[in-house]
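Encoded as C-alpha cells, the structure appears first; notes follow it.
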Amino acid sequence: MRHGKKINHLGRTHSHRKALLSNMAASLIMHKRINTTLAKAKALRKYVEPILTRGKDDTTHSRRTVFSYLQDKDAVTELFREVAPKIADRPGGYTRIIKLENRPGDNAEMCMMELVDFNLIYGGEGKASAAPAKKATRRSGGAKKKATEGAYEAAEPKAAAKKPAAAKKPKADAGEEAPKKAAKKKKTDE
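For the sequence shown, the numbering used here begins at 10 and goes up steadily by one.
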C-alpha cells in the first residue's frame, strides 16, 4: 500500500530531483512555456506554484527565499518584475498543463506546461480587459460585506447626482415649501 506517499521521485535521488525541478522552474519563469513529460510537469506544478505565490510579495526576504529554490538571479528578477504583476489578482492556479502526443522514442506522455496569464490564445490579455470586475473569493463573508459597502457608497454619488436634477421645480412650488418648513419649526419649538 502507498499510504502517504505523495512525492513522485521521478527515478532520481533527492539532490538530482531538486536540481531538476529548480532548473525546470527557472526555465518556466524565463520562457513562460516548456515541453516536458507529464510526470515531470505534475511534479513541477507542486514545486513552482508556491514560488509564484511568494513572488507576489516583493520584499528582500521573499526574493532570498525564491532564490534558494531557483538558484538563478535572472529567473528571480524576471519573476518579480514581469510575472508577479500579471498574476497579482489570481488566487492560485498559475500554471496550465496541456497534453501533447506521446514521444516517438519511448512513447512517454508529453505535455506543454505554461503560465496561464501569458497565453494570448486562451485569452491571457484579451480576457483580462473584457472582464467587468474582480470576482469575490468564497472563503469568508468579510470580502462580500466590503464589496456591498463599496457598492452602496458607489450608488450614493449617483443618487446625489440625480437629486439636483429632480429638485428643479417651478418657483411657485419652492414658495409653497417654505411655509411648511416654518410650520415644522414651530411644532418642534413648542
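Just so you know, even glycine gets a beta-carbon here, dropped at the ideal spot from N, CA and C.
Please read these numbers as outputs of a predicted model, since none were measured by experiment.
Open item on the list: Suppose the cutoff is 8 angstroms on Cβ atoms and the five residues either side in sequence are ignored; what does the same chain contact list for MET119 look like?
Closed with: ASN44, THR45, THR46, LEU47, LYS108, LEU109, GLU110, ASN111 and ARG112
TODO: Could you check how far apart the C-beta atoms of ASP67 and PHE89 are, in whole angstroms? I think they sit under 8 angstroms.
DONE: 5 angstroms
TODO: Going by CA-CA distance only, name the one from ILE130, VAL75 and MET121 that's closest to ALA50.
DONE: MET121
Open item on the list: Output needed for PRO141: all residues of its chain with C-beta closer than 8 angstroms, excluding positions within five of it in sequence on either side, in chain order.
Closed with: Model confidence at PRO141 stands at a pLDDT of 47, short of 50, so the residue's coordinates are unreliable and nothing is read from them.
Task: Residues bridged to MET119 (per DSSP) - done: THR46
Open item on the list: Within a Cβ cutoff of 6 angstroms, which residues of the same chain sit near LYS95, ignoring the five residues on either side of it in sequence?
Closed with: ASP126
Task: Inter-residue spacing [alpha-carbon to alpha-carbon] between TYR131 and ARG99 - done: 16 angstroms
Task: Residue interval of the alpha helix (DSSP H) (run including LYS9) - done: Only positions 10 to 199 of the chain appear in the structure, and residue 9 is not among them; the question remains open.
Task: Nearest to ARG21 (by Cα), restricted to the options ASP81, LEU29 and ARG73 - done: LEU29
Open item on the list: Which complete beta strand (DSSP E) runs does the segment 72 to 113 hold, if anything under 3 residues is left out?
Closed with: 104 to 108
Task: Per-residue burial, ALA117 [other beta carbons within 10 Å of its own, 16 or more giving buried] - done: exposed
Task: Straight-line Cα distance separating MET10 from TYR56 - done: 25 angstroms
- [ ] Under 7 angstroms Cβ to Cβ from ASN32, same chain only, skipping five residues before and after it: list those, please.
- [x] none
Task: CB-CB length for ALA52 against LEU79, believed under 8 angstroms - done: Incorrect: roughly 16 angstroms between the Cβ atoms, too far for contact.
TODO: Answer with buried or exposed for SER24, where buried requires no fewer than 16 other C-beta atoms within 10 angstroms of its C-beta.
DONE: exposed
Open item on the list: For HIS40 and ALA34, what's the separation of their Cα atoms in angstroms?
Closed with: 10 angstroms
Task: Close Cβ partners of ALA93 (< 7 angstroms) along its chain, the five nearest in sequence each way excluded - done: GLY64, LYS65 and ASP67
Open item on the list: Closer than 7 angstroms to a non-hydrogen atom of the ligand SAM - does that hold for the CB of LYS14?
Closed with: Summarising the ligand content, the structure contains no ligands, and the ligand SAM is consequently not present.
Open item on the list: Using the three-state DSSP reduction, which class does LEU61 fall into: helix, strand or coil?
Closed with: helix
Open item on the list: According to DSSP, is LEU19 part of a helix, a strand, or is it coil?
Closed with: coil
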